[in-house]
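K.L.:
Handing you a structure now.
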Amino acid sequence: MTSTTPPQSPATEAAEWPQVISLLAAGRLLGMGRTKAYRLAKAGAFPCRVLRIGGRYVVPVRGLRALLDHTDSVGTESRSEDQEGRA
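Just so we're aligned: 10 in this note's numbering is position 10 of the sequence shown, and the numbers increase by one with no gaps anywhere.
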């Protein structure tokens, strides 16, 4: 049986993603625990933008994705150079 719903484009799917995530979730994506994430946010030293809304800290997904994409591309380049040096 085939589906009657049209396939979604990446732009449509992206529109359904949340615009912000919790500081705890962002910290975990970056490999840090709760205490460190909150300590860095409070000091203004979290690696990407953090918003304080009432008593909550939230992290815009756009900035977090940019940070993760940059980190991934830097890591990939250095791994490629290491492999070239071995060959």
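Positions of the beta carbon are idealized from the N, C-alpha and C atoms, including for glycine.
Only a predicted model underlies this, so the values are computations on that prediction, with no experimental measurement involved.
1) The alpha helix (DSSP H) spanning residue 28 covers which residue range?
2) Who are the Cβ neighbours of residue 23 in its own chain at under 7 Å, not counting the five residues just before and after it?
3) Could you check what DSSP says for residue 49 in three-state terms: helix, strand or coil?
4) Output the boundary residues of the beta strand (DSSP E) element that contains residue 18.
5) Beta-carbon within less than 8 Å of residue 53's beta-carbon, same chain only, minus the 5 sequence neighbours each way: which residues are those?
6) My assumption, with CB atoms under 8 Å, is that residue 30 sits in contact with residue 47. Please give the rounded CB distance.
7) How long is the line joining the alpha carbons of residue 35 and residue 28, rounded to whole angstroms?
P.N.:
Considering the structure as presented:
1) Residue range 23-29 is occupied by the alpha helix (DSSP H) that includes residue 28.
2) Same-chain partners within the cutoff: 37, 38, 41, 50, 57, 58, 59.
3) coil
4) From DSSP, residue 18 is part of no beta strand (DSSP E); its letter is neither H nor E.
5) none
6) Sure, about 6 Å apart at Cβ, within 8 Å.
7) 11 Å
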